[in-house]
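Okay, structure first, notes after.
In the UniProt record's numbering, the protein residues as written are 1 to 1051.
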């Protein structure tokens, strides 16, 4: 039954949409045989009570009356005496056996037909008679006429034969059974029962009840249901010409739909459903009509939608049209994806943009199982070319399970007043069955899948259960012009008021529009300042037309330079950067506040001063609410005036000049080597290119530079410094006590680059700054060139014609002055050859010598590209060997040396040669051994060259000379392209062996003999004199005295 309710919640119209009255609308008369042959009666009484409990007794359903017969017939109770099973059973329990010697069955049946059905019987009710007897009737000739009259009155007869009397006496019951079958309606297998005795009556209670119940829901010759159990009105949907109704119980619970109109019912034929609900699946109970709805197509036609949540266990939704000829056309079917999800148990459609065409169809599957939980799911389908296409699903709160999300789906008018209709979805089992609802907002032609608001029962009131099981949102219950929500829960209905939505438009403007730092127009705290005014304005715009005279309270915070540690401007009133204020805005009216502020001197005149305003509603929990996503902050900047011409377009003219203190080869020669100009010219020409010299004592390179702006202000002027890898930036120092700052920063990714801000924020017009750059030479990187590149630019646009002097490029090819300590040592400086062979220690090979030449790098740079060359005179030009080199050794690893001239096969027997006229032999006048070694010395590293050998005595004795000098020479030489030069013009060291040979002389023999005899005589005279003086006796006396003392000691 469906009822229309007016504004006062009173019923104004009722519609009973039943397709066909259920056959439980019955009048049943039970005809009991109460003759004496029935025994025991209590068994018949139990049967009567049990069968009565099977019936749906009540108004509009089954009525039961009982008559008892034997010789006579009596009413036990009439059809309309009792209205419930309880009352009927109570009355039946008090029926007693009447008795009688005859069994007048025909009379009992006729009495029931003609009288019992008339007393309390209802028009249109199906008539059923149940006859229970235990023997043949005594008025059997009347049975034929009685049965014929019963057939005319459409009385369906069930007959029960009790064979207890026959069995107890051994009588053949065939004639009795034939009579009872004649009494029962055709066919006998459905209307005839027999039992062995009265006690066995209980065994047929269920079978008889099922037969009668089958009769209730079927046609006369069918056992399946049609529309009798249809449950019409299980779901409903109001359309223009009537009401669309769901009938889930129709056709054995496969379900059906119909439309109740003012002109009657439109009931589609069963064959209309076979396209999507084939006969082979008819026993699955699809429950078509569990929910019904409709959509408007792009042709503005209404098309109906119905859900069948149990179809094939996964569910189905059909989209169809109904015709007056009882045909139904199915345009599209949507199928569920998961068994048991109850897909299609809830359906709704939504016209998001209000153009009269359905944009979204939503299908609920509240028992959808996901991530191990029964969470529920709402499918979204969008309309494209008159077909609905899947467009994902709505997203609920992920943390909940067993929520039954999608149990209720309600399309509601625009809740947030953005001109798009919205959606509310219920999840009645969330929060341990307390429940919640989710609000989804429409946008353009779709629904936003992420919910905007979740309202939980736990946040509303204690004790609410199953909140969200039903939702309605079409009425303005508090008459504020906004649609409200009614949400059902167990035993309660919750009303939720909608709130008006407001947008706050904010703006800021300044007077003057720019900050003039060049003209101070006020004083603050005793200092010159630039004073300004800021106008902060707000306008409240209510989205609903019903709130155009409303107001809203606002609170805002204003902050100057909020991202800076120290602000460049301050408010006049407080001297701070912050202020807070509240105000009330009337709908549609602009409200402005004036803030006075000032700007003192600052280092940053390029980036504008920012004003930040954050605002919010004073009472966000009550009254209107701010539109979701609407800005709640505003940031506006007031720029500085750049001080340029009227069009505020600054055109600078930057000029950069730089020079280094590294001397050229000519300057080095004149100042360090102190040579004459002709010699310096030759020195310079000795190099293959123009070079600059790094003196051994130099560790740094200085660059004197000057930067000038000959044009207008240059904003964000930058000096970029790049230099070669062998340099390290040391410092930048401005000169002449200038107030122009140059701040440099090193880039981590580019260690050979520096970026320096010049007079930030701007380099004033006609300003000039001189500065010095210092670079240190790298200890780890050695290059033969040095490069320093300076370039300056600014954010202001300089003319291309004046950019040629914006850079300075210093590129030097370098020569380094080697700082080498070159020393030598020798174990042999002088040797004299004795003429007397008996006094000479050496024969063929003479005395050994060990010569060492040492090179030490005392400089800052590694020395390379240098060769040390040793020349050792080993023989005369005539082939007489002078020296024998036995070993040459260098104590530096990886040293490369080459030796020449040491393989000559000199004469074994010395030849006569007079060296008196060439007393000094060296590499120029003798045969030599030459040794060349490459010099590679790191700073503070040394290199030792060791020569081991012997003088060749065999030749030296034979040669004629008085004094002979043998000189070993070591000289340092630059290889071609070497980066090093020597301050010494010819750096060489010598080791000289001086060998002398005295002239031979003869002593006469008589001199030798005379000297010997004279010496012996002198010795004898000396001994005699000592004896005479007693020198020898004093020793004897001393020994005697010692013996005497020793003897006394023993005594």
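Glycine included, each C-beta is placed from N, C-alpha and C at the ideal position. Since the structure is predicted, the reported quantities are computational estimates derived from the model, not experimental observations.
Give the secondary structure of residue i by DSSP, where H, G and I count as helix, E and B as strand, and everything else as coil.
i            : result
residue 896  : coil
residue 103  : coil
residue 834  : coil
residue 178  : helix
residue 1052 : Outside the displayed range of the chain (1 to 1051) lies residue 1052, so it cannot be described from this structure.
residue 6    : coil
residue 483  : coil
residue 509  : strand
residue 772  : strand
residue 633  : strand
residue 651  : coil
residue 165  : helix
residue 752  : strand
residue 57   : strand
residue 1088 : It is not possible to answer for residue 1088, since the shown part of the chain is limited to 1 through 1051.
residue 141  : helix
residue 50   : helix
residue 89   : helix
residue 469  : coil
What are the partner residues of residue i, as DSSP defines its beta bridges?
i           : result
residue 308 : 316
residue 677 : Partner(s): none; residue 677 has no beta bridge.
residue 245 : 236 and 258
residue 992 : 967
residue 302 : 296
residue 789 : 722 and 809
residue 660 : 703
If we ignore side chains and look at the alpha-carbon of each, how far apart do residue i and residue j end up?
i           : j           : result
residue 77  : residue 92  : 9 Å
residue 994 : residue 855 : 25 Å
residue 747 : residue 721 : 11 Å
residue 372 : residue 453 : 25 Å
residue 222 : residue 300 : The predicted model places residue 222 with a pLDDT of 41, which falls under 50 and marks its position as unreliable; any figure quoted below should be read in that light. If you take the alpha carbons of residue 222 and residue 300, they lie about 43 Å apart.
residue 264 : residue 245 : 13 Å
residue 932 : residue 875 : 19 Å
residue 465 : residue 406 : 16 Å
residue 6   : residue 476 : 14 Å
residue 810 : residue 988 : 36 Å
residue 185 : residue 108 : 16 Å
residue 930 : residue 853 : 14 Å
residue 410 : residue 354 : 16 Å
residue 711 : residue 773 : 25 Å
residue 195 : residue 101 : 22 Å
residue 104 : residue 61  : 31 Å
residue 393 : residue 267 : 34 Å
residue 935 : residue 665 : 24 Å
residue 123 : residue 414 : 52 Å
residue 381 : residue 449 : 12 Å
residue 84  : residue 58  : 5 Å
residue 893 : residue 937 : 11 Å
How about residue i: is its Cβ closer than 7 Å to a heavy atom in the ligand COA?
i           : result
residue 324 : Annotation note on the ligand COA: not contained in the displayed structure, which lists no ligands.
On a Cα-Cα basis, can you pick out the residue from the options that is closest to residue i?
i           : options               : result
residue 796 : 723, 412, 124 and 652 : 652
residue 306 : 298, 288 and 312      : 288
residue 312 : 85, 336, 419 and 438  : 336
residue 260 : 911, 240 and 252      : 240
residue 599 : 531, 554, 557 and 666 : 531
residue 94  : 510, 298 and 46       : 46
residue 159 : 135, 1009 and 506     : 135
residue 762 : 865, 470, 292 and 650 : 650
Query raised in the report: Is the number of C-beta pairs between the stretch 525-543 and the stretch 444-462 that are closer than 8 Å three or more?
Result: no
Query raised in the report: Three or more C-beta pairs closer than 8 Å, one from the stretch 777-790 and one from the stretch 651-670: is that the case here?
Result: Yes, since at least three Cβ pairs between the stretch 777-790 and the stretch 651-670 fall closer than 8 Å, the two stretches touch.
Report task. Please confirm if the stretch 432-440 is in contact with the stretch 402-422, defined as three or more CB-CB distances below 8 Å between the two stretches. Result -> yes
Requested in this report: Would you check if there are 3 or more beta carbon pairs closer than 8 Å linking the stretch 565-573 to the stretch 626-633?
Outcome: no
Query raised in the report: Can at least three beta-carbon pairs, one atom from the stretch 1003-1021 and one from the stretch 953-963, be found at a separation below 8 Å?
Result: no
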